[in-house]
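All remarks here apply to the structure that follows.
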Amino acid sequence: MVKFYSNSYTYDYGFSAVSLAYFLRYPNPYSRHVASTDTIERHFDPETGRLTTVRLHLKRSRLPTAVLKLLPKSALGANDDGSTQSFILEKSVVDVKEGWMATDSRNLDWNNVLSVIEKHTYRRPEPLSATGANEERTDVDVSVTLKSRIGEQIRKRRERWGQQANATSVTGAGDEEPVKQGFFQNWTSGAVRTAIESIGMQRTEKSQPKAQKGMSVVLARLREGGIQAVLEGMAKDRELAL
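Every number in this note's numbering is 44 more than the matching position in the sequence shown, counting from 1.
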């Protein structure tokens with residue numbers, strides 16, 4: 045079963061400010077867990093006037109206790125305290141002429157356990173009148189798709205070897221930790237998948253409002269002091285994250 049999250053909201057800032065803030069949003073007071081951001085590709089198409097950017101974010105997080113009960117820490121690259129790091133691949137396309145930006149972000153780590161694909165569309169609304177009354181507004185649509193493939197891995201292992209798959213064989217953890225057999229003996233693969241997706245949905249419902257607030261902070265800094273204020277705020281947030 046796949047879970048979906050969707051939301052729509054509006055920033056009271058023009059599209060040019062919002063699209064700029066998007067690229068300057070890390071770190072901010074609501075995302076100090078973002079350790080680094082690297083631009084790995086950027087291309088401008090003069091024919092379409094569109095800018096395509098690919099970035100890689102390194103994020104720190106602490107895995108929910110419920111997840112740690114399901115799978116060995118080593119399978120998720122987690123430390124003894126449950127802390128972990130993960131890479132997020134982000135692709136964005138900005139069309140300044142038409143006034144829209146589309147983004148796609150997805151996790152590169154442990155996506156066999158839970159794949160998270162997050163998409164945003166930022167759009168400059170049509171003006172209500174000839175005076176351009178809506179110029180200081182940007183509409184946002186968000187969608188997040190969460191899918192666990194751990195049940196599929198169990199099924200494939202069973203078909204391949206004709207025996208009960210365990211947590212270690214599914215995740216490739218080897219013999220580093222005792223296999224948590226009890227859980228998989230009492231639960232069906234579908235139940236495991238649903239549980240992981242539900243945990244992911246709970247985290248998404250908490251993180252999305254924070255992401256919106258973080259962007260609002262960056263937008264306010266832009267309005268108050270321009271790029272200089274944003275850079276100073278980023279430096280401060282980076283220090284507080286250490």
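We put the CB at the ideal spot given by N, CA and C, even for glycine.
Computed from a predicted model, the values in this text were never measured in an experiment.
Residue pairing from DSSP places Ile161 in a beta bridge opposite Arg150, Thr189. The alpha-carbon of Leu266 is positioned some 14 angstroms away from that of Tyr70. Residue pairing for Ile132: DSSP places it in a beta bridge opposite His101, Asn151. His87 and Leu95 have their alpha carbons spaced roughly 6 angstroms apart. In the structure shown, the three-state DSSP call for Met45 is coil.
It is roughly 24 angstroms from the alpha-carbon of Leu133 to the alpha-carbon of Gly277. The Cβ atoms of Ile243 and Val111 sit closer than 8 angstroms to each other. For Ser63, the enclosing alpha helix (DSSP H) begins and ends at 59 to 67.
In this structure, the straight-line span from the alpha carbon of Thr165 to that of Val137 is close to 10 angstroms.
Counting of Cβ neighbours within 10 angstroms places Val78 among the buried residues, the total reaching 16 or more.
Ile161 sits away from Ser192, with the two beta carbons spaced by 8 angstroms or more. Asp281 carries a helical assignment under DSSP once its states are collapsed to helix, strand and coil. In the three-state DSSP reduction, Arg167 falls in the strand class (E or B). Sorting Thr147, Leu158, Ala264 by C-alpha distance to the C-alpha of Thr97 places Thr147 at the top.
With respect to the 8 angstroms criterion, Thr182 and Tyr57 are classified as neighbours on the basis of their beta carbons. Beta-bridge partners of Asn51 (DSSP): Val186.
In the three-state reduction of the DSSP assignment, Thr248 falls in the helix class, which pools H, G and I. Here Gly143 is not near Phe67, since their CB atoms are 8 angstroms or more apart. Residue state for Arg267 is assigned as helix, using DSSP reduced to three classes. Ser80 is bridged by DSSP to Leu102.
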